[in-house]
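S.K.: By the numbering used here, the letter at position 3 of the sequence shown is numbered 0, and the numbering carries on one by one without gaps.
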Amino acid sequence: MFADRVLERLRAVQAILRLRQRYGVARLEAACHRALAFGSTTYRSVKTILAKGLDQQEALAAFDQTTDLYARGGRFLRAPDGLVH
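(1) Excluding sequence positions up to five away, which residues of its chain have a Cβ less than 7 Å from the Cβ of Asp52?
(2) Within the continuous alpha helix (DSSP H) that includes Ser42, where are the two ends?
(3) Alpha helix (DSSP H) containing Gln18: first to last residue?
(4) Apply the 10 Å Cβ neighbour rule to Leu16 and answer buried if 16 or more other Cβ atoms are within range, or exposed otherwise.
(5) Quick one: grab the DSSP three-state call for Glu26.
(6) Drop a sphere of 10 angstroms on the beta-carbon of Val43, count the other beta-carbons inside from all chains shown, and report buried for 16 or more, exposed for fewer.
(7) CA-CA distance, Val10 and Ala34?
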């Protein structure tokens, strides 16, 4: 996660590594993987993931609740014939 520009973001890297004291190595590692999956590797993102326990969920579990909404179609979904029903 810190392979690029570590020296430029040294304080953020140190802050993220300090989170292991509170949450442990395994949870911090899982939170970093989740942050990478979503393309947000900031300290705030990793801290929020840990605070909300999102590191203990599957990455796609958060989307399972909204899948039904999008699978059924929206209010203004066009029918195959091009008409709004």
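Don't be surprised by glycine CBs; every beta carbon is placed ideally from N, CA and C.
Note that the structure is predicted; figures quoted are calculated from it, not measured.
M.R.: Taking the structure as given:
(1) Excluding positions up to five away in sequence, the list reads Arg24, Ala27, Ala28, Arg31, Ile46.
(2) Counting along the chain, the unbroken alpha helix (DSSP H) around Ser42 starts and ends at 40 to 48.
(3) First-last of the alpha helix (DSSP H) with Gln18: 7 to 20.
(4) A residue is called buried when at least 16 other Cβ atoms come within 10 angstroms of its Cβ; Leu16 meets this threshold and is buried.
(5) In the structure shown, Glu26 sits in a helix (DSSP, three-state: H, G or I).
(6) Result: buried.
(7) Computed Cα separation, rounded: 18 Å.
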